[in-house]
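Asks:
Residue numbers (this note's numbering): 40 to 498.
1) Taking Cβ positions, are residue 292 and residue 261 nearer each other than 8 Å?
2) Given residue 176, which residues of its chain have a CB within under 6 Å of its CB, disregarding the five upstream and five downstream residues?
3) To the nearest angstrom, how far is it from the Cα of residue 234 to the Cα of residue 443?
4) Taking the alpha carbon of residue 313 as the reference point, which residue from 89, 44, 257, 60 has its own alpha carbon closest?
5) Hey, would you say residue 337 sits closer than 8 Å to residue 438, going by beta carbons?
6) What residue from 435, 362, 110, 323 has the CA that sits closest to residue 374's CA?
7) Within this structure, are the beta carbons of residue 369 and residue 441 separated by less than 8 Å?
8) Under 8 Å: do the segment 318–327 and the segment 263–275 share three or more Cβ pairs, one atom per stretch?
9) Once DSSP output is grouped into helix, strand and coil, what is the label at residue 383?
10) For the alpha helix (DSSP H) holding residue 139, just list the boundary residues, first then last.
11) Grouping DSSP H, G and I as helix and E and B as strand, with all else coil, what is residue 396?
12) Restricting to Cα atoms, I'd like to know which of 105, 238, 403, 89 is closest to residue 450.
13) State buried or exposed for residue 73, treating a residue as buried only when at least 16 other CB atoms are found within 10 Å of its CB.
14) Can you name the start and end residues of the alpha helix (DSSP H) that residue 202 belongs to?
15) Quick test of your reading: residue 445 and residue 398, contact by CB under 8 Å. State the CB separation rounded to the nearest angstrom.
16) List the endpoints of the continuous alpha helix (DSSP H) containing residue 429.
17) In its own chain, which residues sit with a C-beta less than 6 Å from the C-beta of residue 158, not counting the 5 before and 5 after it?
18) Can you name, in chain order, every residue of its own chain whose Cβ lies under 6 Å from the Cβ of residue 124, other than the five neighbours on each side?
19) Taking the straight line between their C-alpha atoms, what separation do you get for residue 43 and residue 489?
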């Protein structure tokens with residue numbers, strides 16, 4: 040990894056901005072609320088402080104630098120939200136380069152700091168599509184690199200996530216240019232065009248950087264995304280059968296990717312398929328990727344804490360409890376987010392901070408009380424929340440950003456709070472009481488600052 044990679048990604052972002060032109064009816068620049076920005080910065084700063092104090096990373100500057108990179112990507116993507124999704128993807132790829140550059144030997148922990156800081160922005164800027172796309176793409180690019188690094192099959196596997204992000208951005212730029220050149224009545228060709236461009240980008244990375252069978256996995260991912268886009272049309276409500284079939288397709292893709300290249304192959308396939316759907320603007324189809332995304336996060340958790348690899352016994356009480364908790368939290372956030380009306384930006388920012396605090400408390404509670412089994416169950420449950428949300432009439436793509444942020448926090452915390460797994464039952468109950476009280480106070484705070492914004496249908 041050299042400084043050329045982030046420079047190339049940033050250049051592609053600028054090129055995509057220039058080609059996109061003035062969006063209609065949107066704006067070239069859209070500025071977030073100052074309250075949202077301040078609260079986001081404060082929350083990430085507090086989270087970074089906790090990471091430095093609790094973590095086992097010996098380079099504090101690398102942690103801070105990665106967190107700042109995530110913040111920069113999120114804010115810039117929010118500003119350019121009304122332009123092509125390729126801008127946010129390019130910025131996410133540039134930001135994902137930072138953990139490689141600042142601290143190669145501590146890369147796993149540092150990269151998860153970046154993944155968390157960029158994806159948690161989905162809570163604070165949920166109405167800014169660019170910030171949400173950056174959170175999803177940045178989180179998956181980083182996790183792909185993480186699993187490539189952990190596999191140690193080839194040294195360049197650790198940068199394939201970034202490489203994929205860059206070449207998929209090239210595909211996005213070509214797609215935007217072709218769309219501007221073609222008549223508007225040719226939009227029916229968009230899905231096939233995006234799938235072909237993405238498959239070509241994946242083939243280029245596979246043949247020139249990795250070799251082997253990665254191009255097969257990425258090609259299948261592009262075709263899968265095309266099929267799911269057809270099953271889940273943007274302009275109509277999906278049938279339950281189609282939602283289930285789309286979810287099965289993604290799980291089958293994850294199985295193929297894992298059988299060929301282990302967790303690295305699964306993560307790369309999910310990244311490829313997600314970018315195709317994001318460029319097509321089909322957020323509901325992205326929601327059906329929730330279960331396979333949960334499996335990717337589980338592989339990250341497994342490599343962050345090898346003891347967790349023996350913990351996914353879903354027949355045991357702790358594992359099942361963890362799955363239920365993981366699936367419930369994003370759904371609760373989606374319910375709150377979809378039933379709100381506009382109020383003061385300051386109150387909205389406070390509620391976002393409290394929601395972020397709940398997401399930080401979630402892994403701590405699951406690890407301290409449920410141990411490794413609960414931690415494994417939580418990340419699997421986080422993914423399956425997307426399956427539940429895909430059925431809903433009102434939902435937000437930002438919820439999947441919440442899934443990635445909570446998953447990254449869980450993967451980091453399972454190592455940092457590992458000593459808590461040896462606590463006695465009484466000590467666990469004592470810890471549970473304090474953390475549960477903190478979450479209860481946060482929940483009361485959310486209600487207190489947002490109760491006027493809840494629509495009558497919520498009552």
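Each residue gets a CB set at the ideal place from its N, CA and C atoms; glycine is no exception.
Replies: Working from what's here:
1) For this step, residue 292 is matched to residue 253 along the chain shown. For this step, residue 261 is matched to residue 222 along the chain shown. Not a contact, by the Cβ cut-off of 8 Å.
2) Working through the chain shown from its first residue, we reach residue 176 at position 137. Once the five neighbours on either side are set aside, the close Cβ partners of residue 176 are 128, 131.
3) The residue labelled residue 234 in the question sits at position 195 within the chain shown. The residue labelled residue 443 in the question sits at position 404 within the chain shown. Rounded to the nearest angstrom, the two C-alpha atoms are 24 Å apart.
4) Numbered from 1 along the chain shown, position 274 holds the residue referred to as residue 313. Here the closest residue by C-alpha is 257.
5) As a position in the chain shown, residue 337 is number 298, starting the count at 1. As a position in the chain shown, residue 438 is number 399, starting the count at 1. Result no, Cβ atoms of residue 337 and residue 438 do not sit closer than 8 Å.
6) Reading the chain shown from its first residue, position 335 is the one you call residue 374. Taking only the C-alpha atoms, the option nearest residue 374 is 435.
7) The residue you call residue 369 lines up with position 330 of the chain shown. The residue you call residue 441 lines up with position 402 of the chain shown. The answer is yes: Cβ separation under 8 Å.
8) Counting Cβ pairs under 8 Å, three or more are found: they touch.
9) In the chain shown, the residue the question calls residue 383 occupies position 344. Of the three classes helix, strand and coil, the one that applies to residue 383 here is coil, per DSSP.
10) Position 100 of the chain shown, counted from the start, is the residue given in the question as residue 139. Element bounds for residue 139: 137–141.
11) Position 357 of the chain shown, counting from 1, holds the residue named residue 396. Residue 396: helix per DSSP, three-state reduction.
12) Residue 450 sits at position 411 when you count from the first residue of the chain shown. Cα-wise, what sits closest to residue 450 is 403.
13) Looking up residue 73 in the chain shown gives position 34. With fewer than 16 Cβ atoms within 10 Å of its Cβ, residue 73 is classed as exposed.
14) Along the chain shown, read from residue 1 onward, the residue named residue 202 stands at position 163. 199–220 is the span of the alpha helix (DSSP H), which, as asked, contains residue 202.
15) Here residue 445 refers to the residue found at position 406 of the chain shown. Here residue 398 refers to the residue found at position 359 of the chain shown. Correct: roughly 5 Å between the Cβ atoms.
16) The residue labelled residue 429 in the question sits at position 390 within the chain shown. Unbroken run through residue 429: none, as it is neither H nor E.
17) Counted from its first residue, the chain shown places residue 158 at position 119. Once the five neighbours on either side are set aside, the close Cβ partners of residue 158 are 174, 178, 440, 443, 444.
18) Position 85 of the chain shown, counted from the start, is the residue given in the question as residue 124. 172, 317, 318, listed in sequence order.
19) The residue you call residue 43 lines up with position 4 of the chain shown. The residue you call residue 489 lines up with position 450 of the chain shown. Take the alpha-carbon of residue 43 and the one of residue 489: they are about 45 Å apart.
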